[in-house]
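Number of protein chains: 2
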Amino acid sequence: MLSKQQLIEYSEDARKNYVNHISIDCVVFGFHEGQMKVLLLKTNDEEKWYLPGGFVLKEEPIDNAAVRILQERTGLNKIFLQQFRVFGDPDRSKFHNDMYADMLPKEDNWFSGRFISIGYYALVDFFDVTPQPDQFSELCAWRDLDDMPEMQLDHENIYKSALDALRLQLNYQPIGYNLMPREFTMPELQKLYEAILGKKLDRRNFQRRILAFGILNRSEEPRKGGAHKAPYLYSFDMKNYQHALTEGFKGGW
Amino acid sequence: MLSKQQLIEYSEDARKNYVNHISIDCVVFGFHEGQMKVLLLKTNDEEKWYLPGGFVLKEEPIDNAAVRILQERTGLNKIFLQQFRVFGDPDRSKFHNDMYADMLPKEDNWFSGRFISIGYYALVDFFDVTPQPDQFSELCAWRDLDDMPEMQLDHENIYKSALDALRLQLNYQPIGYNLMPREFTMPELQKLYEAILGKKLDRRNFQRRILAFGILNRSEEPRKGGAHKAPYLYSFDMKNYQHALTEGFKGGW
DNA sequence: TTTTCATAGTGTATTAAGTACACAATTGTA
DNA sequence: TACAATTGTGTACTTAATACACTATGAAAA
Numbered sequence: 001m002l003s004k005q006q007l008i009e010y011s012e013d014a015r016k017n018y019v020n021h022i023s024i025d026c027v028v029f030g031f032h033e034g035q036m037k038v039l040l041l042k043t044n045d046e047e048k049w050y051l052p053g054g055f056v057l058k059e060e061p062i063d064n065a066a067v068r069i070l071q072e073r074t075g076l077n078k079i080f081l082q083q084f085r086v087f088g089d090p091d092r093s094k095f096h097n098d099m100y101a102d103m104l105p106k107e108d109n110w111f112s113g114r115f116i117s118i119g120y121y122a123l124v125d126f127f128d129v130t131p132q133p134d135q136f137s138e139l140c141a142w143r144d145l146d147d148m149p150e151m152q153l154d155h156e157n158i159y160k161s162a163l164d165a166l167r168l169q170l171n172y173q174p175i176g177y178n179l180m181p182r183e184f185t186m187p188e189l190q191k192l193y194e195a196i197l198g199k200k201l202d203r204r205n206f207q208r209r210i211l212a213f214g215i216l217n218r219s220e221e222p223r224k225g226g227a228h229k230a231p232y233l234y235s236f237d238m239k240n241y242q243h244a245l246t247e248g249f250k251g252g253w
Numbered sequence: 001m002l003s004k005q006q007l008i009e010y011s012e013d014a015r016k017n018y019v020n021h022i023s024i025d026c027v028v029f030g031f032h033e034g035q036m037k038v039l040l041l042k043t044n045d046e047e048k049w050y051l052p053g054g055f056v057l058k059e060e061p062i063d064n065a066a067v068r069i070l071q072e073r074t075g076l077n078k079i080f081l082q083q084f085r086v087f088g089d090p091d092r093s094k095f096h097n098d099m100y101a102d103m104l105p106k107e108d109n110w111f112s113g114r115f116i117s118i119g120y121y122a123l124v125d126f127f128d129v130t131p132q133p134d135q136f137s138e139l140c141a142w143r144d145l146d147d148m149p150e151m152q153l154d155h156e157n158i159y160k161s162a163l164d165a166l167r168l169q170l171n172y173q174p175i176g177y178n179l180m181p182r183e184f185t186m187p188e189l190q191k192l193y194e195a196i197l198g199k200k201l202d203r204r205n206f207q208r209r210i211l212a213f214g215i216l217n218r219s220e221e222p223r224k225g226g227a228h229k230a231p232y233l234y235s236f237d238m239k240n241y242q243h244a245l246t247e248g249f250k251g252g253w
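First to last, the protein sequences are chains A and B.
Position one of the first sequence corresponds to residue 1 (full-length UniProt numbering), numbered consecutively onward.
Position one of the second sequence corresponds to residue 1 (full-length UniProt numbering), numbered consecutively onward.
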C-alpha cells in the first residue's frame, strides 16, 4: 500500500504518463438478400466511412455502453453483442488527432489524446434496424460486406478482425437467431453461413450438420406460394439455442 | 466534423462524463512438477493476492505495455502473450477506490477513478522466471492453479476467464512451446494438457492426436538413466508450430 | 398438356477423426 | 528372478466429415 506522499506522486505521474481515452467501436452485421451487411457512418466532408462507436460513461459497464451506442444508431433494444478485441496502437487515432489539432490546444482537446478502442461485433435483424446518423455524421447506412468502402482510422482492420471472430464463432456456437427472420428455410440459413464464410457449402452436408446441432424446429407445413418445390420452414429452438450458446458445440479435448 | 465551439464543448463534456483509466492485468501461466502455476503478487498488509498489472504509456502499443509489465515481474524478454478480454464493470475497482479514498481528494487521486482492464494471459517457462515484486507488493510468487488464494478486486474472475480462453485455444492452436523445456517426453507433455484441462486423458489417444498435428520432432535417442522404460524425447518443430499458430488446427466449416 | 428448368428433399458409400481398450517392452527394486 | 511402474504400440468400434446422385415439386415455356 502506498503512503500519502507516494500516492500524490503516483497520481501526478500517472496522469502525465498513461493513456486515458477509451472508445468503443462496433461492427454491426446484418443479412439481406443473401448478402452480409455492415452498418457504417459517413460525414459529408469526408470520403471515408467509419464504424459506429462512442465512449464509456463513468458509472457504466462496458457492455452496456456498447448497447447504448448501438441503440442510438439502430433503434434496437435487444442486440446480440460480442466483445472480440482491443485495438491499441498509438497511431490508430492519428486521423482525429490531426483533424482537430489546430483548433484547440492539446490539453483542452479531447481528440488530441490517444485512444484505445474496445471492439464489439453485433448481429442484428436487417429489417429491425433504422439507421441513424450520429452527431459527427450525416449518413448512416448498410454496406455490403464484399463491397466495403475506404474507411477512417484503423476501422478496416477492426471490421476484418470482427469477421474473423465471427467465423471462429461459427465453429463452436450457434449463429443465426439474430440475423434471420423467425421462420426461414434451410437454403436461406445456408446462404447466411455462406455469406459469413465467403464460400459455398454442400447443401446436403450443411443440412445434416445443422440439424445435428439440435437447435432447429421444423414446422409441419412447408412454405407455399413460391415457385419451385415448397421448402420446409424452420425456427430456432430457443432452449437448445441458448444452451448451445453457453456450452458450445465441439468438445475438443 | 465539429466546429471549434462544438469541439470545446465536446471536450469538456467528455472529460467529465467518460471513463479514463485503462489498466492491464496479466495471468502468467507456468508449469512445474505436473502443476499449472499462476504468478501472483501480495502486499504485506493485505491478505489478498492480485495479478501482475500496470498501465499503458502514452506512446506505447498495448501489447508492448503487457510485455513491459511482465518483463518487470518475471525478467523475461520473450513472452507468449494473448489478449483475451476486457473487464469493465464499474464496481470492479471499488477495492482501490476505497483503500485510497481518504488520503487524497477525488480529483487528485488516480485510484479514485474507474478502471477498465485489458486481460492478457502469458505462457512462460517456469524455470526462466525470477519473480519480482512491484512497488505495491512485497511478495511475488507462483501459486498452484488448484490451490489459488483469495484475490483482490475481480482478479479471481480474470484468471478463471484466462483459463477458459487457454482451454479454448487448445482446440485450435498448439500449446506447449512456452511452457515446456526444449526436450520433453510424451507423458510430460500429456501432464501439461491434463493440468490445463483439469482432467485425465488417455495416453494412447493423446499421443496419436498430438503427433497428428505434426508439430513434434522425435529425437533418435530415448532419455536414459531414469527408472522404468526409457521414454523418447520430443521437441517442437518450430516451422510447423508457428504455422499452426497462425493457421489453426481444425477446419470447422 | 407436356416438357423443361430451377429448386428442394433425401440417401449412401467412403474417408477421416475420436474413443475404448490390451498387450508387450524396459528398467530398477524386492 | 519375479515384480511393479512406466513407456511404446496396435486394433476394433463409433462417430463425424466428405463426396456425390437421385427423386419430388411447381411454375413457366413449348
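Each residue gets a CB set at the ideal place from its N, CA and C atoms; glycine is no exception.
Computed from a prediction, not measured in an experiment: that's the story for all the values here.
For this session: Taking 8 Å as the threshold, find out whether the stretch 40-47 of chain B comes into contact with the stretch 75-84 of chain A through three or more Cβ pairs.
Result: no
Problem set entry | Residues of the stretch 83-107 of chain A whose Cβ lies closer than 8 Å to any Cβ of chain B, in chain order | Gln83, Arg85, Val86, Gly88, Asp89, Pro90, Met99, Tyr100, Met103 and Leu104
Problem set entry | Cβ of Met1(A) within 9 Å of any chain B Cβ | Your numbering for residue 1(A) matches position 1 in the first sequence. Yes, because at least one Cβ of chain B sits closer than 9 Å to the Cβ of Met1(A).
Exercise. Under the rule that 16 or more other beta-carbon atoms within 10 Å means buried, what is Ala227(A), buried or exposed?
Worked result: Indexing the first sequence from 1 puts residue 227(A) at position 227. With fewer than 16 other Cβ atoms within 10 Å, it is exposed.
Problem set entry | His21(B) at chain A interface by Cβ criterion, 9 Å | As a first step, residue 21(B) is located in the second sequence; it is residue number 21 there, counting from the start. Yes, His21(B) counts as interfacial toward chain A.
For this session: Compute the Euclidean distance between the alpha carbons of Ile24(A) and Arg204(B), then round it to the nearest angstrom.
Result: Position 24 of the first sequence, counted from the start, is the residue given in the question as residue 24(A). Position 204 of the second sequence, counted from the start, is the residue given in the question as residue 204(B). Their backbone Cα atoms lie some 47 Å apart in a straight line.
Problem set entry | Collapsed DSSP secondary structure at Gln35(B) in the structure displayed | As a working note, residue 35(B) is residue 35 in the second sequence. Three-state DSSP puts Gln35(B) in a strand.
For this session: Report the residue from Glu72(B), Ile62(B), Gly30(B) and Pro90(B) whose alpha carbon sits nearest the alpha carbon of Val56(A).
Result: On the first sequence, residue 56(A) is found 56 positions in, with the first residue counted as 1. The shortest C-alpha separation from Val56(A) is found at Pro90(B).
Exercise. Name the chain B residues that come within less than 8 Å of Leu163(A), Cβ to Cβ?
Worked result: As a first step, residue 163(A) must be located in the first sequence, where it is residue number 163. Ordered by position in chain B, no residue passes the 8 Å Cβ test against Leu163(A), which lies about 13 Å from the chain.
Problem set entry | Beta-carbon proximity list for Gly174(B), same chain, < 8 Å, skipping 5 on both sides | Residue 174(B) sits at position 174 when you count from the first residue of the second sequence. Checking the displayed sequence, the identity of residue 174(B) turns out to be Pro instead of Gly. Result list for Pro174(B): Phe213, Ile215, Phe236, Tyr241, Ala244, Leu245 and Phe249, in chain order.
Exercise. Near Phe136(B), which residues of its chain fall below 8 Å by C-beta distance, leaving aside the five closest residues on each side in sequence?
Worked result: If you number the second sequence from 1, residue 136(B) lands on position 136. Same-chain partners within the cutoff: Leu41 and Thr43.
For this session: Go through its chain and collect everything with a Cβ distance to Trp49(A)'s Cβ below 6 Å, but skip five positions before and after it.
Result: Indexing the first sequence from 1 puts residue 49(A) at position 49. So the list reads Leu40, Lys42, Pro149 and Met151, once near-sequence residues are dropped.
For this session: Consider the Cβ of Trp253(B): report whether some Cβ of chain A lies at a distance smaller than 9 Å.
Result: One-based indexing of the second sequence puts residue 253(B) at position 253. It does: the Cβ of Trp253(B) has a partner Cβ on chain A nearer than 9 Å.
Exercise. Apart from the five residues just before and just after Ala66(B), which ones in its own chain have a Cβ nearer than 7 Å to its Cβ?
Worked result: Residue 66(B) sits at position 66 when you count from the first residue of the second sequence. Once the five neighbours on either side are set aside, the close Cβ partners of Ala66(B) are Ile24, Cys26, Leu81 and Tyr120.
Problem set entry | Other residues of its chain near Asn20(A): CB distance less than 7 Å, five sequence neighbours each side excluded | For this step, residue 20(A) is matched to residue 20 along the first sequence. Counting only Cβ-Cβ distances below 7 Å, and skipping sequence neighbours, we find Gly113.
Exercise. How about Ile69(A): is its C-beta nearer than 9 Å to some C-beta of chain B?
Worked result: Residue mapping note: residue 69(A) aligns to position 69 of the first sequence, counting from 1. No - not a single Cβ of chain B is within 9 Å of the one on Ile69(A).
Exercise. Once you ignore the five residues that flank Asp102(A) on each side, which residues in its own chain have a CB closer than 7 Å to its CB?
Worked result: Position 102 of the first sequence holds residue 102(A). The answer is none, since no qualifying residue turns up.
Problem set entry | Start and end residues, beta strand (DSSP E) containing Ile116(B) | Start at 1 with the first residue of the second sequence, and residue 116(B) comes out as number 116. Per DSSP, Ile116(B) belongs to the beta strand (DSSP E) from Phe115 to Leu123.
For this session: Can you check the UniProt domain "Nudix hydrolase" (19-167) of chain A for any alpha helix (DSSP H) of at least 4 residues that lies completely inside it and give the ranges in chain order?
Result: 62-74 and 94-99
For this session: Determine, using beta carbons only, whether Ile8(A) comes closer than 9 Å to chain B.
Result: In the first sequence, the residue the question calls residue 8(A) occupies position 8. Chain B, which has a Cβ nearer than 9 Å to the Cβ of Ile8(A), makes this yes.
For this session: Compare the beta carbon distance of Asp144(B) and Gln5(B) with 9 Å and say whether it is the shorter of the two.
Result: Here residue 144(B) is taken as the residue at index 144 of the second sequence, counted from 1. Here residue 5(B) is taken as the residue at index 5 of the second sequence, counted from 1. No.
For this session: Taking C-beta pairs closer than 9 Å, name the residues in chain B that Ala244(A) reaches, listed in chain order.
Result: What you label residue 244(A) is simply residue 244 of the first sequence in a count that begins at 1. Ordered by position in chain B, no residue passes the 9 Å Cβ test against Ala244(A), which lies about 15 Å from the chain.
For this session: Report, in whole angstroms, the separation of the C-beta atoms of Ile118(B) and Ile62(B), which I expect to be a contact under 8 Å.
Result: For this step, residue 118(B) is matched to residue 118 along the second sequence. For this step, residue 62(B) is matched to residue 62 along the second sequence. Between Ile62(B) and Ile118(B) the Cβ distance is about 6 Å, and since that is below 8 Å, they are a contact.
Exercise. First and last residue of the alpha helix (DSSP H) that includes Arg209(A)?
Worked result: As a working note, residue 209(A) is residue 209 in the first sequence. Segment Arg203 to Phe213, the alpha helix (DSSP H) holding Arg209(A).
Problem set entry | Cβ neighbours of residue 267(A) in the same chain (closer than 7 Å, five flanking residues each side left out) | Within the shown structure, residues of chain A are numbered from 1 to 253, placing residue 267(A) beyond reach of any answer.
For this session: Using only alpha-carbon positions, find the residue among Ser3(B), Leu70(B) and Lys58(B) that is nearest to Val129(B).
Result: Mapped onto the second sequence, residue 129(B) falls at position 129. Closest option to Val129(B), Cα to Cα, is Leu70(B).
For this session: Give the DSSP-derived three-state secondary structure of Glu221(A) in the structure shown.
Result: Here residue 221(A) refers to the residue found at position 221 when the first sequence is read from its first residue. Note: Glu221(A) maps to strand in three-state DSSP.
For this session: Within the same chain, show all residues whose beta-carbon is closer than 7 Å to that of Leu139(B), passing over the 5 residues directly before and after it, in chain order.
Result: Against the second sequence, residue 139(B) aligns to sequence position 139. Excluding positions up to five away in sequence, the list reads Leu41, Lys42 and Pro133.
For this session: Check Ser235(B) in the structure and name its three-state DSSP category.
Result: For this step, residue 235(B) is matched to residue 235 along the second sequence. The answer is strand: DSSP assigns Ser235(B) an E or B state.
Exercise. In chain B, what lies closer than 8 Å to residue 258(A) by C-beta?
Worked result: Outside the shown range of chain A (1 to 253) lies residue 258(A), about which nothing can therefore be said.
Problem set entry | Arg203(A) at chain B interface by Cβ criterion, 9 Å | Position 203 of the first sequence, counting from 1, holds the residue named residue 203(A). At a cut-off of 9 Å between C-beta atoms, Arg203(A) does not count as an interface residue with respect to chain B.
Exercise. Of all Cβ atoms in chain B, is any one closer than 9 Å to the Cβ of Glu47(A)?
Worked result: Numbered from 1 along the first sequence, position 47 holds the residue referred to as residue 47(A). Chain B, which has no Cβ nearer than 9 Å to the Cβ of Glu47(A), makes this no.
Problem set entry | Span of the alpha helix (DSSP H), counted from its first residue to its last, around Arg182(B) | Position 182 of the second sequence holds residue 182(B). It is not in any alpha helix (DSSP H) - Arg182(B) carries neither H nor E in the DSSP assignment.
Exercise. By the criterion of Cβ-Cβ separation under 9 Å, what are the contact partners of Asn109(A) in chain B?
Worked result: Along the first sequence, one-based indexing puts residue 109(A) at 109. Near Asn109(A) (Cβ distances below 9 Å), the residues of chain B are Leu7, Ile8 and Ser11.
Exercise. Is there a Cβ from chain A that is less than 9 Å from the Cβ of Tyr18(B)?
Worked result: Translated into positions along the second sequence, residue 18(B) becomes position 18. Taking Cβ atoms only, chain A reaches closer than 9 Å to Tyr18(B), which makes this a yes.
Exercise. Buried or exposed: Leu211(A), going by 16 or more other Cβ atoms within 10 Å of its Cβ?
Worked result: As a first step, residue 211(A) is located in the first sequence; it is residue number 211 there, counting from the start. It counts as exposed.
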